[in-house]
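Numbering (my numbering), first residue to last: 6 to 491.
We treat Cβ as the ideally placed atom computed from N, Cα and C, and that holds for glycine.
Below is one structure, written out as structure tokens, with a few remarks after it.
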DNA sequence: ATGTGC
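Take a look at the structure:
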């Protein structure tokens, strides 16, 4: 059997793109890495594989602890990690969902073609930058009072649509219709609410951005046509999360769980994997608080999308409906969710943890909106500023291999600190504009350096592996035109 | 990711 050696961990190759980390010691299941040899080589450079092995000790984890082709190390649990924990006997672990609860992406279509925009990039990028709040700290599209924030946390995109930030059709084009019904704002601390009240409708910083893109390649004509995508079409990709509110919810519950469930904590190989046993009070409360942060993030992306429609109206002097600015889909990249999956011929309920992973349900699953149910859900995978992004379609094999999941992005190749040593923001912007006609506008030059194309893995290779595995099938590729960020 | 920390 072919093996891959990485320090004290040895992986066995079980298929061309599947590597198994054998079950040893206190592991409850084996680990599995879905990657090419080249990507595995990158994955093995940091603590990802050790974290994957540790994650396999979480109570109730079923089948495998899973690492996606874009995996890298995170807080306790790898980014690019998936774990399905039994909803009755297992656990829920905030670190396996992530600090940025419901960080995710949505893609908005237009009927504009690239040649209609060419020469006006500067004007568009300036208008977007002026109208869409970004960067660290406060300032959003709306400033909320207490009652409004409660409603956002309870209802998500439904609140936005009821208040003029979009149309009913937007709801059907979000994962879970843009609303988590179990959300309970009462489980969110005043501190978290305080951080969130003036950040509704803001991009934030780091790898979050809004990007105008053009469709450069269509790989599957049939699916692209049912998604409404064609070559040279202009689309907008929005990537952001739950800002300070979600971050605070994660911090609050990690602390509570560490304090109350010390017995479990002491049995785990890493304190960062702190988990609340299924059925415990804190498991229920965290699920409700996380749900509120999930609704906050969906509202955030909805407001930014609708403001983008208004900016396009001004710049192109046509109503957004006439520009056919329809939402393709909104997908979560960091989320925990109760889902039913078939294991050994039996339907069981799990807390599915996806951290830097995208749900990728194929045709037929009832959770896929009716418009896409006969082809499979759209999956949106952003690349870096200087490379393409992808639209995929939920793959048939995702249900048996990865609890209905695939990758979420290119994955970092170096730390933010190292990136700032290697690049200078202004130089990165100049070369993107002069060499690739990509117009980037940012609050901070440091952020541009941290997000320079060179700090990311090859998104093409990540998506190729997903496609080959049949967990997420390649539909179309886009390329950046304008990008605004923190 | 993040009022870039406990």
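Look at the alpha carbon of residue 433 and the alpha carbon of residue 457, and state the distance between them as a whole number of angstroms.
Taking the first chain and counting its residues from 1, one reaches residue 433 at position 428. Taking the first chain and counting its residues from 1, one reaches residue 457 at position 452. Each residue's Cα considered, the two are about 7 Å apart.
Indicate whether the contact test is met: 3 or more Cβ pairs, each with one atom in the region 418-431 and one in the region 376-385, closer than 8 Å.
With a cut-off of 8 Å, the region 376-385 and the region 418-431 do not count as touching, because too few Cβ pairs lie within range.
Between 203, 152, 225 and 168, which has its C-alpha nearest residue 191's C-alpha?
As a working note, residue 191 is residue 186 in the first chain. Comparing Cα positions, the closest option is 152.
Pairwise C-alpha distance: residue 139 and residue 443:
Translated into positions along the first chain, residue 443 becomes position 438. Translated into positions along the first chain, residue 139 becomes position 134. Cα to Cα, the separation comes out at about 19 Å.
Boundaries of the beta strand (DSSP E) in which residue 356 is found, first to last residue:
Counting from 1 along the first chain, the entry for residue 356 is found at position 351. Residues 351-360.
Taking all protein chains shown into account, decide if residue 369 is buried (16 or more other Cβ within 10 angstroms of its Cβ) or exposed.
As a first step, residue 369 must be located in the first chain, where it is residue number 364. With fewer than 16 other CB atoms across the displayed protein chains lying within 10 angstroms of its CB, residue 369 is exposed.
Alpha carbon of residue 103 to alpha carbon of residue 303, nearest angstrom:
Mapped onto the first chain, residue 103 falls at position 98. Mapped onto the first chain, residue 303 falls at position 298. If you take the alpha carbons of residue 103 and residue 303, they lie about 16 Å apart.
What is the rounded straight-line gap between the Cα of residue 134 and the Cα of residue 267?
Taking the first chain and counting its residues from 1, the one referred to as residue 134 is at position 129. Taking the first chain and counting its residues from 1, the one referred to as residue 267 is at position 262. Looking at the backbone, the Cα of residue 134 and that of residue 267 are separated by about 46 Å.
Beta-carbon proximity check, residue 391 vs residue 437, cutoff 7 Å
Within the first chain, numbered from 1, the residue matching residue 391 stands at position 386. Within the first chain, numbered from 1, the residue matching residue 437 stands at position 432. Taking 7 Å as the Cβ cut-off, residue 391 and residue 437 qualify as a contacting pair.
Nearest-angstrom Cα separation, counted from residue 380 out to residue 230:
Locating residue 230 in the first chain gives position 225, counting from the first residue. Locating residue 380 in the first chain gives position 375, counting from the first residue. Distance between the alpha carbons of residue 230 and residue 380: 11 Å.
With C-beta atoms as the reference, is residue 141 less than 7 Å away from residue 198?
In the first chain, residue 141 corresponds to position 136, counting from 1. In the first chain, residue 198 corresponds to position 193, counting from 1. Going by C-beta atoms, residue 141 is not nearer than 7 Å to residue 198.
Using only the alpha-carbon positions, how far apart do residue 249 and residue 200 sit?
The residue you call residue 249 lines up with position 244 of the first chain. The residue you call residue 200 lines up with position 195 of the first chain. A straight-line Cα-Cα distance of about 5 Å links residue 249 and residue 200.
What number of angstroms, rounded off, separates the C-alpha of residue 105 from the C-alpha of residue 256?
Counted from its first residue, the first chain places residue 105 at position 100. Counted from its first residue, the first chain places residue 256 at position 251. Rounded to whole angstroms, the gap between the alpha carbons of residue 105 and residue 256 is 10 Å.
What is the rounded straight-line gap between the Cα of residue 206 and the Cα of residue 307?
In the first chain, counting from the first residue as 1, residue 206 sits at position 201. In the first chain, counting from the first residue as 1, residue 307 sits at position 302. When rounded, the distance between both Cα atoms is 8 Å.
Contact belief for residue 99 with residue 301 at Cβ below 8 Å, rounded distance in angstroms:
Counting from one through the first chain, the residue named residue 99 turns up at place 94. Counting from one through the first chain, the residue named residue 301 turns up at place 296. Between residue 99 and residue 301 a beta carbon distance of about 16 Å is seen, past the 8 Å cut, so the two are scored as non-contacting.
Status (buried if at least 16 other CB within 10 Å, exposed otherwise) for residue 351:
Working through the first chain from its first residue, we reach residue 351 at position 346. Its Cβ having fewer than 16 others within 10 Å, residue 351 is exposed.
Output yes or no for whether 7 Å exceeds the beta carbon distance between residue 278 and residue 81.
The count along the first chain starts at 1 and reaches residue 278 at position 273. The count along the first chain starts at 1 and reaches residue 81 at position 76. Closer than 7 Å, so yes.
Option in 346, 235, 164 and 168 with minimal Cα separation from residue 183:
Position 178 of the first chain, counted from the start, is the residue given in the question as residue 183. Per the C-alpha coordinates, the member of 346, 235, 164 and 168 positioned closest to residue 183 is 164.
Three CB pairs or more closer than 8 Å across the region 408-418 and the region 481-489
Result no; under three Cβ-Cβ pairs closer than 8 Å.
Below 6 Å CB to CB, which residues in the same chain sit around residue 316 once its five sequence neighbours on both sides are set aside?
Start at 1 with the first residue of the first chain, and residue 316 comes out as number 311. Here the set comprises 132, 133 and 136.
According to the neighbour-count rule (16 or more other Cβ atoms, all chains shown, within 10 Å of its Cβ), is residue 13 buried or exposed?
Your numbering for residue 13 matches position 8 in the first chain. Residue 13 is exposed by the Cβ-count criterion.
Please list, in chain order, all residues of the same chain as residue 171 whose beta carbon is under 6 Å from its beta carbon, the five residues on each side excluded.
Position 166 of the first chain, counting from 1, holds the residue named residue 171. Same-chain partners within the cutoff: 165, 307 and 311.
How big is the Cα-Cα spacing for residue 221 and residue 407?
Within the first chain, the letter at position 216 stands for residue 221. Within the first chain, the letter at position 402 stands for residue 407. Rounded to the nearest angstrom, the two C-alpha atoms are 29 Å apart.
What does the alpha-carbon distance come out to for the pair residue 6 and residue 373?
Looking up residue 6 in the first chain gives position 1. Looking up residue 373 in the first chain gives position 368. The straight-line gap from Cα to Cα measures roughly 39 Å.
Residue 341 versus residue 213 - alpha carbon distance:
Locating residue 341 in the first chain gives position 336, counting from the first residue. Locating residue 213 in the first chain gives position 208, counting from the first residue. Going from the Cα of residue 341 to the Cα of residue 213 covers about 20 Å.
Please classify residue 169: is it buried, with 16 or more other beta-carbons within 10 angstroms of its beta-carbon, or exposed?
For the purposes of this step, residue 169 is taken as residue 164 along the first chain, with counting starting at 1. Around the beta carbon of residue 169, fewer than 16 other beta carbons lie within 10 angstroms, which makes this residue exposed.
Since I believe residue 228 is in contact with residue 505 (beta carbons under 8 Å), could you give me their beta-carbon distance rounded to a whole number of angstroms?
In the structure as shown, the chain begins at 6 and stops at 491. Residue 505 is therefore absent and cannot be evaluated.
Leaving out five residues before and five after residue 366 in sequence, what residues of the same chain have Cβ atoms less than 8 Å from its Cβ?
For the purposes of this step, residue 366 is taken as the residue at position 361 of the first chain. Contacts found: 372, 373, 381, 382, 399, 403, 404 and 409.
Express the C-alpha separation of residue 461 and residue 188 in angstroms, rounding to a whole number.
Here residue 188 is taken as the residue at index 183 of the first chain, counted from 1. Here residue 461 is taken as the residue at index 456 of the first chain, counted from 1. One C-alpha to the other measures close to 34 Å.
Is the region 53-72 touching the region 21-32 in the sense that three or more CB pairs, one from each, lie closer than 8 Å?
Contact holds: three or more Cβ-Cβ distances are below 8 Å.
For residue 394, the three-state DSSP class (helix, strand or coil):
Taking the first residue of the first chain as position 1, residue 394 is located at position 389. Here residue 394 sits in strand by DSSP.
Could you have a look at residue 52 and say whether DSSP puts it in helix, strand or coil?
Within the first chain, numbered from 1, the residue matching residue 52 stands at position 47. In the three-state DSSP reduction, residue 52 falls in the coil class, being neither helix nor strand.
Beta-carbon proximity of residue 281 to residue 262, cut-off 7 Å:
To locate residue 281, count along the first chain from 1; it is residue 276. To locate residue 262, count along the first chain from 1; it is residue 257. Annotated as proximal: residue 281 and residue 262, with beta-carbon spacing under 7 Å.
Cβ-Cβ separation, residue 114 to residue 240 (assumed contact under 8 Å), whole Å
For the purposes of this step, residue 240 is identified with residue 235 of the first chain, where counting begins at 1. For the purposes of this step, residue 114 is identified with residue 109 of the first chain, where counting begins at 1. Correct: roughly 5 Å between the Cβ atoms.
Considering residue 154, what are the terminal residues of the beta strand (DSSP E) in which it resides?
Taking the first chain and counting its residues from 1, one reaches residue 154 at position 149. Counting along the chain, residue 154 falls outside any beta strand (DSSP E), though it belongs to the alpha helix (DSSP H) covering 151-160.
Which ranges does the beta strand (DSSP E) cover as unbroken runs of at least 3 residues, wholly within the region 230-279, from first to last along the chain?
Counting only runs that start and end inside the region 230-279, the beta strand (DSSP E) elements of at least 3 residues fall at 238-245.
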